Amino acid sequence: MVGIDQVLEKLSTVIDPDLKKDIVSMGMIKDLELNDGNLKFTLELTTPACPFNVEIEEDVRKAIGEISELKNFDMNVTAKVMEGRSLDADTGMATVKNIIGVASGKGGVGKSTVSLNLALALSQTGAKVGLLDADIYGPSIPLMLGMKDAFMEVEDNKLQPAESNGLKVVSFGFFAEQSHQAAIYRGPIISGILKQFLVDTNWADLDYLIVDLPPGTGDIPLTLAQTIPITGILVITTPQDVASNVAVKAVGMFEKLNVPLLGVVENMSHFICPNCDEKHYIFGEGGAKKISEQFNMPFLGEIPLNSGIMSGSDLGKPIMITDPESPGAVAFRTSAKNIAAQCSIQAAKLQEEMKSESTEQESENSAKKPAPEASTST
Ligand SMILES: Nc1ncnc2c1ncn2[C@@H]1O[C@H](COP(=O)(O)OP(=O)(O)OP(=O)(O)O)[C@@H](O)[C@H]1O
Ligand SMILES: [Mg+2]
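For the record, in the sequence shown the residue sitting at position 121 is 120 according to numbering that gives the first Met the number 0, with numbers rising by one throughout.
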């Protein structure tokens, strides 16, 4: 009769393509029951936005199918997002599993548009998602979400995020009277506002918090990098950035600060011909790939130049909501899955680091233990 060891041995032949580890040692098999040849378990993916979910599920079915003695097999597939940042209670934000800063070298490359649509794409997979508009000088998220009249309340000294399309949203734009004054605020005040938005907000449980940054290497990106541990930075470029080298400067700053670089998404990368569906790289091809190679970070996607994306932002009706099957929305969805996978990879790295730290600590402790007293018997 088939035993649990045999089942686990078969399951451990299935490798998660992102984490490059087998699903058993990653703890992805839960509640396994085997009774009289009837097998039941839960496959717990590391994110509902896993780009390989179908592939992993198929590999599991194939591996289990090779156990001929099984009478019945029942698999439940769920997802639990891994913690891609250290959730030290002292640093606050212990209920936010991943924080992703969206940065660029220069302005107008589409950070806010990409942040918003990625947040929506992640949320549509079932993840709990927040969106922090960290552009205090020029908040644009409220308009892009059609939330002109929304506001944030304060309860128990904590800001309550506004809500839209399943997202928890915080923006300086919700303070209507103050936001036009932001241009005259100096660095320390701006940093203070961002810190409050991060740690004094009731984010509750979030799988992903997307932080839409202003361009460049100013006070706000610096404050994000230095206030709390974050999962990493997503860099947005356009094909023209490679020539101007501005993206390289911004990426260099985060690298110096030891903030993980999750990867690059190229926005307005190409134009899809509405008649023939062909991609035209009108501004040149391969720029973002070059930057990703230079900094040894993954290339996570390319978003087409598309009037629906632009009008969605301008009218407060994002394309992920109004036209989720359009090529633009599909491109956001692909990028979102790749970003979620990078967060899982960061989480797995963190787990490894914590494991090796605790093994080091254990061996240090056992080295410090006094040696057993030598026998004095003569
Ligand atoms: N893929 C796209 N196709 C067409 N238009 C786009 C695309 N991405 C962004 N846009 C448009 O480009 C303009 C700039 O976009 P957005 O405000 O998102 O950039 P940003 O990088 O956040 O700018 P800033 O640096 O000022 O914060 C907007 O009008 C937006 O609608
Ligand atoms: Mg912006």
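Ideal Cβ placement from N, Cα and C applies to all residues, glycine included. Since the model is a prediction, treat every value here as computed from it, not as a measurement.
Cβ neighbour criterion (16 or more within 10 Å) applied to residue i
{"i": "LYS29", "result": "exposed"}
{"i": "THR358", "result": "exposed"}
{"i": "SER365", "result": "exposed"}
{"i": "CYS272", "result": "exposed"}
{"i": "SER111", "result": "buried"}
{"i": "GLY106", "result": "exposed"}
{"i": "GLU265", "result": "buried"}
{"i": "CYS342", "result": "buried"}
{"i": "THR377", "result": "For THR377, the pLDDT reaches just 33, beneath the cut-off of 50, and the residue's location in the model is therefore unreliable, although a value from the coordinates is still provided. With fewer than 16 Cβ atoms within 10 Å of its Cβ, THR377 is classed as exposed."}
{"i": "LYS127", "result": "buried"}
{"i": "ASP148", "result": "exposed"}
{"i": "GLY419", "result": "The chain is shown from 0 up to 377; residue 419 falls before or after that span and cannot be answered."}
{"i": "ASN274", "result": "exposed"}
{"i": "ASP15", "result": "buried"}
{"i": "GLY109", "result": "buried"}
{"i": "ASN295", "result": "exposed"}
{"i": "VAL380", "result": "The requested residue 380 is not part of the displayed model; the chain covers only 0 to 377."}
{"i": "ASN97", "result": "buried"}
Three-state class that DSSP yields for residue i in the structure shown
{"i": "VAL113", "result": "helix"}
{"i": "VAL198", "result": "helix"}
{"i": "MET74", "result": "strand"}
{"i": "GLN159", "result": "strand"}
{"i": "ALA373", "result": "Interpretation of ALA373 is limited by its pLDDT of 46, a score under 50 that renders its predicted location unreliable; the figure taken from the coordinates is listed afterwards. Of the three classes helix, strand and coil, the one that applies to ALA373 here is coil, per DSSP."}
{"i": "GLU254", "result": "helix"}
{"i": "ASN364", "result": "helix"}
{"i": "SER312", "result": "helix"}
{"i": "GLY191", "result": "helix"}
{"i": "ALA48", "result": "coil"}
{"i": "GLU154", "result": "strand"}
{"i": "GLU265", "result": "strand"}
{"i": "THR12", "result": "coil"}
{"i": "VAL388", "result": "No answer is possible for residue 388: the residues shown for the chain start at 0 and end at 377."}
{"i": "GLY36", "result": "coil"}
{"i": "GLY26", "result": "coil"}
CB contact flag (residue i, residue j, <7 Å)
{"i": "LEU221", "j": "LEU261", "result": "no"}
{"i": "ALA340", "j": "PRO141", "result": "no"}
{"i": "VAL95", "j": "LEU205", "result": "yes"}
{"i": "SER312", "j": "ASP211", "result": "no"}
{"i": "ILE135", "j": "ILE183", "result": "no"}
{"i": "ALA62", "j": "LEU117", "result": "no"}
{"i": "ALA48", "j": "LEU121", "result": "yes"}
{"i": "THR230", "j": "GLY83", "result": "yes"}
{"i": "CYS78", "j": "LEU119", "result": "The sequence shown places Ala at residue 78, rather than the Cys named in the question. The answer is no: Cβ separation not under 7 Å."}
{"i": "ASP17", "j": "ILE338", "result": "no"}
{"i": "LEU42", "j": "MET74", "result": "yes"}
{"i": "THR46", "j": "VAL80", "result": "yes"}
{"i": "LEU193", "j": "ALA224", "result": "no"}
{"i": "PRO238", "j": "GLY307", "result": "no"}
{"i": "ALA461", "j": "GLY104", "result": "Examination of residue 461 is not possible in this model, given that the chain is present from 0 through 377 alone."}
{"i": "VAL168", "j": "PRO160", "result": "yes"}
{"i": "ILE3", "j": "ASN164", "result": "no"}
{"i": "MET151", "j": "LEU158", "result": "yes"}
Straight-line gap, residue i to residue j (C-alpha atoms, nearest Å)
{"i": "LYS354", "j": "GLN360", "result": "10 Å"}
{"i": "PHE253", "j": "PRO259", "result": "8 Å"}
{"i": "LYS289", "j": "VAL59", "result": "36 Å"}
{"i": "LYS248", "j": "ALA102", "result": "11 Å"}
{"i": "GLY327", "j": "PHE298", "result": "17 Å"}
{"i": "MET146", "j": "GLY315", "result": "8 Å"}
{"i": "LEU208", "j": "PHE282", "result": "32 Å"}
{"i": "PRO138", "j": "MET25", "result": "40 Å"}
{"i": "VAL34", "j": "SER268", "result": "The amino acid at residue 34 is misidentified as Val; the sequence shows Asn. For ASN34 and SER268, the distance between alpha carbons rounds to 54 Å."}
{"i": "GLY91", "j": "GLN195", "result": "11 Å"}
{"i": "LEU7", "j": "GLY36", "result": "14 Å"}
{"i": "ILE318", "j": "ARG332", "result": "11 Å"}
{"i": "GLU57", "j": "GLU32", "result": "20 Å"}
{"i": "THR226", "j": "VAL13", "result": "39 Å"}
{"i": "GLU301", "j": "LEU349", "result": "28 Å"}
{"i": "ASP155", "j": "LEU197", "result": "16 Å"}
{"i": "SER374", "j": "SER362", "result": "Confidence in SER374 is poor, its pLDDT being 44 and thus under 50, which makes the residue's placement unreliable; the coordinate value appears in the next sentence. Cα to Cα, SER374 sits roughly 25 Å from SER362."}
{"i": "LEU86", "j": "GLU352", "result": "14 Å"}
{"i": "THR124", "j": "ILE66", "result": "32 Å"}
{"i": "LYS19", "j": "PHE174", "result": "46 Å"}
{"i": "VAL241", "j": "ASN71", "result": "56 Å"}
{"i": "ALA133", "j": "ALA203", "result": "19 Å"}
{"i": "GLY186", "j": "ILE219", "result": "8 Å"}
{"i": "PHE40", "j": "HIS279", "result": "47 Å"}
{"i": "GLY251", "j": "PRO323", "result": "35 Å"}
{"i": "SER325", "j": "LEU69", "result": "44 Å"}
{"i": "ALA346", "j": "SER170", "result": "28 Å"}
Problem set entry | Any heavy atom of ligand 2 nearer than 7 Å to the CB - residues listed | Answer in sequence order: LYS110, SER111, ASP134, GLY137, SER139, ASP211 and PRO213.
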